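> Numbering (our numbering), first residue to last: 271 to 418. So that we are looking at the same thing, I have put the structure below in structure tokens.
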């Protein structure tokens with residue numbers, strides 16, 4: 271919950287929050303089941319694990335069935351290097367882009383993230399939303415530009 275930022279949701283809606291532990295395949299399978307029953311399911315895990323460990327469930331349970339599941343890959347990119355190579359999620363975008371029926375969304379910053387969450391909740395069908403661990407470091411404003 272800490273990595274995904276879902277603790278406030280759990281506090282507000284404990285009956286609508288389910289923890290699957292470190293079992294990404296079960297997480298995606300559970301989300302697919304919720305979607306079949308008519309719910310909009312948001313499932314969150316590390317981007318590298320969600321795309322690789324649960325790849326079979328992503329494709330066969332969610333994408334082929336065009337289910338209304340929102341897969342949220344946290345710590346996307348090179349933001350988890352201190353935890354070792356298996357935590358680095360750089361293949362996730364390529365993997366999800368190859369799956370049928372799924373939209374892939376990668377917001378650039380917190381402002382885009384807020385809008386993206388609302389947009390994917392309204393979208394009927396599978397979505398992969400990739401979020402980084404920390405907000406991007408934006409360059410300082412340029413004091414002027416010149417060509418050449």
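Where is the CB? At the ideal position from N, CA and C, for every residue including glycine. Model, not experiment: these values are computed from the prediction.
Closest to residue 390 by C-alpha separation, out of 291, 295, 373, would be which residue?
With distances taken between Cα atoms, residue 390 lies closest to 373.
> Mark residue 339 as exposed unless 16 or more other C-beta atoms lie within 10 angstroms of its C-beta, in which case mark it buried.
buried
> When you compare each of 397, 384, 354 to residue 367 by their alpha carbons, which one comes out closest?
397
> In whole angstroms, what separates the C-alpha of residue 297 from that of residue 377?
23 angstroms
> What does the alpha-carbon distance come out to for the pair residue 327 and residue 349?
Distance between the alpha carbons of residue 327 and residue 349: 25 angstroms.
> Taking residue 341 as the reference, which of 360, 313, 384 has the closest Cα?
313
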